[in-house]
Each structure stands twice: as structure tokens, then as C-alpha cells.
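Chemist: Provided herewith is a single structure, encoded as C-alpha cells, for subsequent inquiry.
In the working numbering, the protein residues as written are 593 to 989.
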């Protein structure tokens with residue numbers, strides 16, 4: 593009934609079913625567990641459930657036989673009304689669009705909706721992304737940045753095949769990556785795997801920077817991993833939906849915070865101008881999380897995370913994970929410097945230091961010295977500065 597009323601799609605049920613354990617050993621799932629799972633996933637509201645329950649009770653005499661609580665998908669051969677469209681009203685044309693044959697929904701984010709589709713002209717699968725909002729400002733930026741991303745040619749960046757419009761809706765056809773995100777596979781990776789993957793991602797980000805793009809939303813969920821024929825895992829950077837063209841940074845609105853709070857740089861959290869070193873910081877956060885099990889800054893709410901990000905130093909990596917080699921801690925610490933000038937100058941420099949670590953060679957990064965660390969503490973606690981300086985002068989006689 594929820595599907596017939598347009599509240600749910602078959603894809604929604606399939607997604608929930610993948611994570612819904614069966615009751616007992618017969619493989620059945622009770623209707624109550626379906627309802628709870630759909631509520632927890634945000635696909636139905638309490639009001640939806642109450643309304644549907646009332647309608648079901650009112651029509652109980654005419655109800656079809658129960659099927660063990662499993663949603664029943666009617667046979668196409670049975671008479672009855674056609675099934676609801678799997679596409680939102682503005683994308684109904686996808687059902688019979690000749691340019692691409694859409695197979696299924698891959699996901700939906702703040703910027704757009706992505707489908708897996710087949711390109712009959714070039715005989716390949718693509719990820720097809722449509723913009724949520726079709727106003728002039730969002731559409732122009734969507735297409736401008738997609739065209740900029742299309743200039744990136746690197747094996748670790750998801751390739752853009754085509755940019756265009758259909759029925760007035762902007763879209764991007766991208767390389768389809770048949771894999772899972774870095775966050776999903778983290779626990780299956782060795783230490784060297786994690787370092788190698790971040791090194792490869794840094795190389796891809798450097799290629800984006802050379803093409804004039806700053807990603808601004810690097811996180812494990814935006815790094816897809818696909819297993820190659822050799823058995824090695826290959827990373828792809830995806831979702832340039834928040835990317836900015838470096839030449840237009842000065843034209844962007846200041847005071848705006850974009851990105852995922854746990855992964856953005858301090859300057860991004862403060863709404864200050866950004867350059868490519870903001871992505872270096874985010875790469876450091878990704879590597880920290882892979883090695884420590886969580887990002888350097890967490891909190892019960894957005895404000896708490898942003899305050900900690902701007903005011904506090906991250907807990908040293910080896911205090912969280914003592915088995916991590918010192919050189920790796922030093923590399924991560926350099927990425928996470930509050931001052932962009934103290935980070936790696938580029939993503940390529942980070943990748944080169946990670947290469948040195950993997951090859952057992954000396955890294956270029958150096959731990960912060962005593963004087964710098966002391967200065968940071970004094971700046972943080974200005975009230976103690978005079979007392980500390982006086983004590984030093986007294987020791988010097």
C-alpha cells in the first residue's frame with residue numbers, strides 16, 4: 593500500500609532488506625520489523641504508519657492473503673493498475689530516455705541523485721547524476737564544475753564522460769565504479785593498504801588541483817574502492833559536488849561553511865578563503881581516521897565539532913593507536929596543522945612522503961620542535977605568557 597501511494601519504491605524495500613535479519617530460521621521477516629526498519633531509515637514517518645494502518649484495518653475484509661510480512665511484489669501478468677514510476681516527477685522521462693537506459697538508483701545526496709545507467713552508444717555502464725535543484729545559479733555552477741572535473745585525467749579520479757541537459761535537467765555521466773567506499777572496507781585493510789590508498793588518492797587530488805579544482809569534501813565516503821584483476825584495491829575520488837574552481841575562490845561568499853564538519857579544515861570551518869591546502873588537511877583527517885578508528889575531532893553536535901576543530905589540537909595519533917610508526921604520526925600531524933603554511937604545500941608532497949614511508953626511506957616531514965609547541969601553548973593560554981617568559985629570563989640569569 594505504501595508503494596501504491598508513492599510513499600516507498602521497490603528500491604527502498606530492497607535497500608532495507610539487505611540489512612534486515614530474518615526472524616527464526618525460515619527466512620521470514622515480520623511486518624513489525626519491516627515497519628521499524630523503514631522508520632529508522634527515515635523512509636516512513638509515524639504519521640505515515642498510522643494512516644496506512646487505519647486504511648488497512650478499514651479494508652481488512654478485502655485484503656489479500658498475508659505473505660509472512662514480506663512485501664508482495666505482484667506479477668506483471670496480473671491485472672491491475674500499473675506500478676508507480678521509480679523516478680521523481682521531474683525525472684519521469686528517464687523511463688524511456690533513448691540516450692541512457694537507467695537500471696537503478698545508486699544514491700542521493702545534498703547536490704543530486706545518482707543512477708546506474710547503460711550507454712548504448714558507447715556500450716558501457718555509467719553513473720548518471722542529476723541536479724536536485726534546477727534554478728539558474730545551482731545549474732550553472734553544477735555544469736561549470738562538472739566541465740572543470742572533465743579536464744582531470746588521472747586513474748584515481750572518477751572520470752566525467754559527458755555533461756549535458758535533458759528535458760531541462762542538467763546531468764553528468766561519469767565513470768561507473770563497481771565497488772564500496774573506503775569507510776565500508778576500512779577494517780579489511782592492512783596498515784600498508786591504508787597508506788597506499790591515501791597516497792593514491794593524494795595523487796588524484798593533486799591532478800585535480802593542477803586542473804584548477806579544490807574538492808572541499810574529501811572523506812572516506814567519497815573514495816570508492818574497486819578490486820582489480822590483479823587483486824589489488826584501486827581508489828577513485830568521487831563527488832566533486834562541492835568543488836570550487838581555484839581561480840574563482842575570491843568570488844565565493846565568505847562566511848559560508850561547506851563540507852562535512854569532521855573532515856573540513858579550520859579555515860573552512862571559519863569561512864575563510866581556501867586554497868589547495870584545505871584538501872591536504874582533509875586527506876590528513878582521512879588517514880588519521882583509517883589509523884585511529886575515528887576522526888581527530890568529534891562531538892555531540894555540529895557546533896561542538898567546529899569549536900574543537902578551530903581551537904584544539906588533535907590528540908597525537910600514537911596516543912590513540914600506540915602501534916602506529918612514528919613517521920606516520922609525523923606525516924599525519926603535518927597535514928593537520930592549523931596554519932596552512934605549516935602543512936604540505938601540495939597533495940603531491942604528501943603522496944611523496946607516504947611513498948618514502950612505504951619504501952622504508954626517511955620522510956621529509958619533521959615533528960614540531962619544542963619552541964613551536966611552546967609558542968602554541970602560550971598563544972592558547974595568553975594569561976600564562978608573562979609568567980612563563982619571566983621564568984625563562986630568571987633561569988638565564
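C-beta: ideal position from N, C-alpha, C; glycine also.
1) For the 8 Å Cβ check, are there 3 or more pairs between the region 710-724 and the region 689-699?
2) Quick check on this structure: which residue in 942, 913, 834 and 852 has the alpha carbon closest to the alpha carbon of residue 730?
3) Give the DSSP-derived three-state secondary structure of residue 628 in the structure shown.
4) Taking the CB atoms as reference points, tell me whether residue 880 and residue 928 lie closer together than 8 Å.
5) Classify residue 874: buried if its beta carbon has 16 or more other beta carbons within 10 angstroms, exposed otherwise.
6) Determine whether the beta carbon atoms of residue 746 and residue 765 lie at a separation below 8 Å.
7) Do residue 852 and residue 859 have their beta-carbon atoms positioned less than 8 Å apart in this structure?
8) What did DSSP end up calling residue 903 once you bin it into helix, strand or coil?
9) Within a Cβ cutoff of 6 Å, which residues of the same chain sit near residue 771, ignoring the five residues on either side of it in sequence?
10) By Cβ distance below 7 Å, which residues in the same chain neighbour residue 897 in space, the five residues on each side in sequence not counted?
11) Given that a residue counts as buried once 16 or more other Cβ atoms are within 10 Å of its Cβ, and exposed if not, what is residue 799?
12) Can you grab the Cα-Cα spacing for the pair residue 904 / residue 783, in whole Å?
13) In angstroms, rounded to a whole number, what distance separates the CA positions of residue 686 and residue 954?
14) Mind the definition here: the region 702-714 touches the region 789-799 only if three or more C-beta pairs lie below 8 Å; say whether that holds.
15) Please confirm whether residue 804 and residue 740 have their CB atoms less than 8 Å apart.
16) What residues are listed by DSSP as bridge partners for residue 825?
17) For the alpha helix (DSSP H) that residue 796 lies in, which residues bound it at each end?
18) Can the beta-carbon of residue 991 be found closer than 8 Å to that of residue 884?
19) Taking Cβ to Cβ, would you say residue 710 is nearer than 8 Å to residue 693?
20) How is the alpha helix (DSSP H) around residue 734 delimited, first residue to last?
21) Would you list the residues sitting across from residue 1029 in a DSSP beta bridge?
22) Could you spell out where the alpha helix (DSSP H) holding residue 923 opens and where it closes?
23) Using DSSP with H/G/I as helix, E/B as strand and the rest coil, what is residue 953?
24) Could you tell me the distance, in whole angstroms, from the CA atom of residue 691 to the CA atom of residue 759?
25) Along the beta strand (DSSP E) that carries residue 869, what are the first and last residues, could you check?
26) Just to confirm, are residue 882 and residue 811 a CB contact at a threshold of 8 Å?
27) So, is residue 921 buried or exposed, given that buried needs 16 or more other C-beta atoms within 10 angstroms?
28) First and last residue of the beta strand (DSSP E) that includes residue 709?
29) Going by alpha carbons, who is nearest to residue 809 out of 861, 767, 824 and 930?
30) Would you call residue 939 buried or exposed, if buried means 16 or more other Cβ atoms sit within 10 Å of its Cβ?
31) From this set, 762, 950 and 742, which residue's C-alpha is nearest residue 728's C-alpha?
32) Going by DSSP in three states, residue 766 sits in which element: helix, strand or coil?
33) Rounding to the nearest angstrom, what Cα-Cα distance links residue 688 and residue 755 in this structure?
34) Residue 813 and residue 749 - do their beta-carbons sit closer together than 8 Å?
35) Can you tell me whether residue 694 is helix, strand or coil according to DSSP?
36) Candidates 913, 856, 876 and 801: which alpha carbon is nearest residue 902's?
Modeler: Judging by the given coordinates:
1) Yes, since at least three Cβ pairs between the region 710-724 and the region 689-699 fall closer than 8 Å, the two stretches touch.
2) Nearest option by C-alpha distance: 834.
3) Here residue 628 sits in helix by DSSP.
4) Cβ atoms of residue 880 and residue 928: closer than 8 Å.
5) Around the beta carbon of residue 874, 16 or more other beta carbons lie within 10 angstroms, which makes this residue buried.
6) Between residue 746 and residue 765, the C-beta spacing is not below 8 Å.
7) Cβ distance not < 8 Å, so residue 859 and residue 852 don't count as in contact.
8) Judged by DSSP in its simplified three-state form, residue 903 adopts helix.
9) Cβ neighbours of residue 771 beyond the five flanking positions: 816, 817 and 818.
10) These residues qualify, in order along the chain: 853, 854, 889, 890 and 891.
11) That one is buried.
12) Cα to Cα, the separation comes out at about 27 Å.
13) Residue 686 and residue 954: Cα-Cα distance of roughly 55 Å.
14) Touching, no, given that fewer than three Cβ pairs across the two stretches are closer than 8 Å.
15) In contact: residue 804 and residue 740 (Cβ atoms closer than 8 Å).
16) BP columns for residue 825 point to 819.
17) Start and end: 783-802.
18) Here the chain has residues from 593 to 989 only, and residue 991 is not among them.
19) For residue 710 and residue 693, yes; Cβs fall inside 8 Å.
20) Start and end: 728-742.
21) Any property of residue 1029 remains undetermined from this structure, which presents the chain solely from 593 to 989.
22) 918-927 is the span of the alpha helix (DSSP H), which, as asked, contains residue 923.
23) Residue 953 sits in coil when the DSSP states are folded into three classes, being neither helix nor strand.
24) Spanning the alpha carbons of residue 691 and residue 759 requires a straight line of approximately 12 Å.
25) Premise fails: residue 869 lies in the alpha helix (DSSP H), 869-884, not in any beta strand (DSSP E).
26) Between residue 882 and residue 811, the C-beta spacing is not below 8 Å.
27) Residue 921 should be labelled buried.
28) Residue 709 -> beta strand (DSSP E) spans 704-711.
29) Looking at the Cα atoms, 861 is the closest of the given residues.
30) Buried, by the Cβ-count rule.
31) Answer by Cα proximity: 762.
32) Looking at residue 766 - three-state DSSP - the assignment turns out to be strand.
33) Each residue's alpha carbon lies about 19 Å from the other.
34) Not closer than 8 Å, so no.
35) When secondary structure is reduced to three states using DSSP, residue 694 falls in the strand class.
36) Residue nearest to residue 902 within the set 913, 856, 876 and 801 is 856 (criterion: CA-CA distance).
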